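Let me begin by presenting the structure, written as structure tokens, before commenting on it.
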Amino acid sequence: MDLLFIVTIFLIGFIGSYISGMVGVGGSIIKYPMLLYIPPLFGLAAFSAHEVSGISAVQVFFATLGGVWAYRKGGYLNKTLITFMGISILIGSFIGSYGSRMMSGEIINLVYGILALLAAIMMFLPKKGRDDIPPDQVTFNKWLAAVFALIVGIGAGIVGAAGAFLLVPIMLVILRLPTRVTIASSLAITFISSIGATVGKISTGQVEFLPAFIMVIASLIASPLGAKMGQKVNTKLLQWILALLILGTSIKIWLDILS
């Protein structure tokens, strides 16, 4: 790999991880299309959909770990929510990532496009504000949360994501959780999810380890910085940043699928 390739991969990892730490997602919603489209723009070798999903899975593991570490003392990590959704999404992500070896690159991109479109729609649905509820008084339907996490885990495991780009709108719109509790807890849940996705991708030979290593280094630097910024930014602004990112990515993927 030449210097331009290394720098390009590092910057993709850094920018994507900073944003993901700020808005509470693992970053695949941002980095999947960046890895797919940006290297060829600079005349560099293009990754296949399988390689992108494998690199994303490994990177998300470390990006979410850094984000959770930054949020550990804020009081926003809901242990009951993390337990119920974490176990379900771990099972789902392993099933999805292991089964993805039997899918074509076009199918993986299609699954990603469907997930991104669903997330974009959900992010723009009206939300009844619950941000005035103290973190230690938050309530939610535990089994509904677990079922959604299992479904998200299967789809996210296929594309090498951890599923936060779908979990966040589900937690905001359906479970009606406060924004900061959602962001912090989703990072912990997607960290658990990324374990299943990473094991599945590595065991089926879908990971390019050197680009993944570069992305991991960038993630460990950028994700905690983004998480600290996210604790200072207005919650409505965080929701709009995430919604616009998801919408833009969804449009690009679907234009490619339909062309």
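Numbering-wise, numbering that gives the first Met the number 0 puts 50 at position 51 of the sequence shown, and it's gapless, one number per residue.
Cβ atoms here follow ideal geometry from the backbone N, Cα and C, with glycine treated the same way.
All figures in this text were calculated on a predicted structure; none of them were measured in a lab.
Alpha-carbon to alpha-carbon, residue j and residue i
| i | j | result |
| --- | --- | --- |
| Ser52 | Gly199 | 11 Å |
| Ser103 | Ile132 | 45 Å |
| Ala145 | Leu116 | 22 Å |
| Gly268 | Ala148 | The structure shown has nothing for residue 268, since the chain only spans 0 to 258. |
| Thr248 | Ile28 | 7 Å |
| Met33 | Leu89 | 25 Å |
| Lys227 | Ile150 | 30 Å |
| Arg100 | Ile153 | 13 Å |
| Ile120 | Gly162 | 15 Å |
| Ile37 | Val59 | 19 Å |
| Ile252 | Asn108 | 7 Å |
| Trp239 | Pro168 | 11 Å |
| Ala44 | Val206 | 16 Å |
| Leu10 | Leu40 | 14 Å |
| Leu176 | Gly42 | 44 Å |
| Leu244 | Phe164 | 10 Å |
| Ile220 | Phe123 | 31 Å |
| Thr178 | Leu236 | 11 Å |
| Leu63 | Gly98 | Per the sequence presented here, residue 63 reads as Thr, with Leu not at that position. Whole-angstrom Cα-Cα distance: 23 Å. |
| Ile18 | Trp142 | 30 Å |
| Ala69 | Gly225 | 9 Å |
| Gly159 | Ile106 | 13 Å |
| Gly229 | Asp1 | 34 Å |
| Ile54 | Phe208 | 7 Å |
| Met21 | Leu35 | 23 Å |
| Thr189 | Arg71 | 15 Å |
| Ile157 | Ser193 | 11 Å |
| Ser258 | Ile250 | 12 Å |
| Leu241 | Ser202 | 32 Å |
| Ala183 | Ile94 | 25 Å |
| Ser96 | Ala155 | 8 Å |
| Ser87 | Gly195 | 11 Å |
Backbone secondary structure at residue i - three-state DSSP
| i | result |
| --- | --- |
| Gln58 | helix |
| Tyr75 | coil |
| Ile132 | coil |
| Val6 | helix |
| Leu171 | helix |
| Asp1 | coil |
| Ser258 | coil |
| Val22 | helix |
| Val67 | helix |
Bounding residues of the alpha helix (DSSP H) (the contiguous stretch that carries residue i)
| i | result |
| --- | --- |
| Ser202 | Thr178 to Ser202 |
| Gly225 | Phe208 to Gly229 |
| Leu35 | Ser27 to Leu40 |
| Ser47 | No alpha helix (DSSP H) holds Ser47; DSSP gives it neither H nor E. |
Hey, is the stretch 1-18 in contact with the stretch 212-220, meaning 3+ C-beta pairs nearer than 8 Å? yes
Using 8 Å as the Cβ pair cut-off and three pairs as the minimum, do the stretch 164-173 and the stretch 96-113 touch? no
Tell me the start and end of each unbroken alpha helix (DSSP H) in the stretch 87-162 that is at least 4 residues and wholly inside, in chain order. 104-122 and 141-158
Flag this pair as touching only if the stretch 76-83 and the stretch 44-59 have three or more C-beta atom pairs under 8 Å; answer yes or no. no
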